[in-house]
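S.K.: Below: one structure in C-alpha cells.
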Amino acid sequence: MRITIDKLAKAYGFLWALKDLSLDLAPGECVALLGANGAGKTTLLKLLAGLITPTTGAIRLDGVHFSRSMPQLRARIGFLAPADHIYENLSARENLHFFTRLYNRNAASPDLDAALEQVGLEQRGDELVANLSSGMKCRLSIAKWLLLEPELLLVDEPYGVLDGSGIDTLESFLRRQCARGSIVIMASHHVSRVLNLCDRAVILSHGRLTFDESKQQPWPTFDKAFGEFLPSSSR
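Just add 5 to the spot in the sequence shown (first one is 1) and you have this note's numbering.
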C-alpha cells in the first residue's frame, strides 16, 4: 500500500485540529508521529482509519480516494490503541475468532492458539476479557492485528499499559509488519523508544507539519525541532 495525504485539514467547529497536511508514505515505512498534546496526532490517525472525515483535502490509498464509506479499503487498515475495540463479555479466544470472521479470514483454532502464545496469553485464552488487566487487553489487541495483518497499522500511545515483556512483544510485531511491507504510523510521547523503532519521524505542532525526516539522514535537525515542539518532560 502507498498512501498520499494531500492538503488534509480537519476542523471541530471553529478549532482546526489539522491544517494543510501533505505526506507520502511508502510500503514498509515505520513512522514516528510526534508532537505535544493537542498537536493533531490522534486526529490524523482517526482520519487515516476512516473513523472521521476530513474537512478539506484528501487521503489516497494506492491512488484511490479514501473515505469512511469504503469498507473494502478500511479492511486493509488496523488501529491499535489501549482502548482498542475488543469485547469484554467474550473470552480472548472468542474475540480473535469473531474479528477474523468479521474480516473474512476464518482463522483455524491452531492459528488463534499461536497468536495467543505469541503475545503471552496462551494460559488466558478462555478467560473473559473483562477479567484481564489493561496490559493483557493491549496484548490481545496485538494478537488480533497479528492475525489480520493490515497493510496500514495505526498505533496510538500503547506503551503506558504494557510492561517490559509486552513492549518487547509489541515492537517485535511492528518490526515484522514493516518487514512484510505494511506501513506503521506510531503516535507516542515515549520519544526515545519510537525513534529507535522507526525509520522516519514526523512532528506536528498546532495541527501543522513542522518536521519530516528519515533516520538515514540521520535526523540532523531533530533535536532543534523536538526541543521547540515537544514538552521537556517527554525527552
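All residues carry an ideal CB built from backbone N, CA and C; glycine is no exception.
Would you report the Cα separation of residue 40 and residue 115, rounded to the nearest angstrom?
M.R.: Rounded to whole angstroms, residue 40 to residue 115 spans 41 Å at the Cα level.
S.K.: Which residue spans inside the segment 76 to 133 form an unbroken alpha helix (DSSP H) run of at least 4?
M.R.: Fully enclosed alpha helix (DSSP H) runs of 4 or longer: 76 to 79, 97 to 107, 114 to 123.
S.K.: Between which two residues does the alpha helix (DSSP H) carrying residue 144 extend?
M.R.: Unbroken alpha helix (DSSP H) run through residue 144: 139 to 153.
S.K.: Taking the CB atoms as reference points, tell me whether residue 93 and residue 134 lie closer together than 9 Å.
M.R.: Yes.
S.K.: Can you name the start and end residues of the beta strand (DSSP E) that residue 27 belongs to?
M.R.: Segment 20 to 30, the beta strand (DSSP E) holding residue 27.
S.K.: Cα-Cα, which of 190, 108, 216 is closest to residue 79?
M.R.: Comparing Cα-Cα distances from residue 79 to each of 190, 108, 216, the minimum goes to 108.
S.K.: Tell me which same chain residues have a C-beta within less than 7 Å of the C-beta of residue 296, skipping the five on either side of it?
M.R.: This structure gives no information on residue 296, because the portion of the chain shown stretches from 6 to 240.
S.K.: Can you list, in chain order, the residues of its chain whose CB lies under 6 Å from that of residue 71, leaving out five sequence neighbours each side?
M.R.: Closer than 6 Å at the Cβ level, and outside the excluded window around residue 71, lie 64, 78.
S.K.: For the beta strand (DSSP E) that contains residue 212, what are its first and last residues?
M.R.: Counting along the chain, residue 212 falls outside any beta strand (DSSP E), and DSSP gives it neither H nor E.
S.K.: Have a look at 141, 190, 29, 19 and flag the residue whose alpha-carbon is nearest the alpha-carbon of residue 174.
M.R.: Closest option to residue 174, Cα to Cα, is 141.
S.K.: By DSSP's criteria, residue 241 is part of a beta bridge. Which residues make up the other side?
M.R.: Since the first residue of the chain shown is 6 and the last is 240, residue 241 is not available in this structure.
S.K.: What is the residue span of the beta strand (DSSP E) that residue 35 lies within?
M.R.: Taken as a continuous stretch (DSSP letters only), the beta strand (DSSP E) holding residue 35 covers 35 to 39.
S.K.: In whole angstroms, what is the alpha-carbon distance linking residue 69 and residue 34?
M.R.: Between residue 69 and residue 34, the C-alpha separation is close to 19 Å.
S.K.: Residue 161 by DSSP, collapsed to three states: which one?
M.R.: Strand at residue 161.
S.K.: Could you pull out every residue in the same chain whose Cβ sits closer than 7 Å to the Cβ of residue 117, ignoring the five residues on either side in sequence?
M.R.: Result list for residue 117: 98, 101, 102, in chain order.
S.K.: Just to confirm the assignment, what range does the alpha helix (DSSP H) spanning residue 196 have?
M.R.: Taken as a continuous stretch (DSSP letters only), the alpha helix (DSSP H) holding residue 196 covers 196 to 202.
S.K.: Going by beta-carbon coordinates alone, are residue 28 and residue 82 separated by less than 9 Å?
M.R.: Going by C-beta atoms, residue 28 is not nearer than 9 Å to residue 82.
S.K.: Could you tell me the alpha carbon to alpha carbon distance between residue 12 and residue 145, rounded to whole angstroms?
M.R.: Approximately 35 Å between the Cα atoms of the pair.
S.K.: Closer than 7 Å by C-beta to residue 195: which residues in its own chain qualify, once you throw out the five before and the five after it? Chain order, please.
M.R.: Excluding sequence neighbours, residue 195 sits near 164.
S.K.: Does DSSP classify residue 188 as helix, strand or coil?
M.R.: Three-state DSSP puts residue 188 in a strand.
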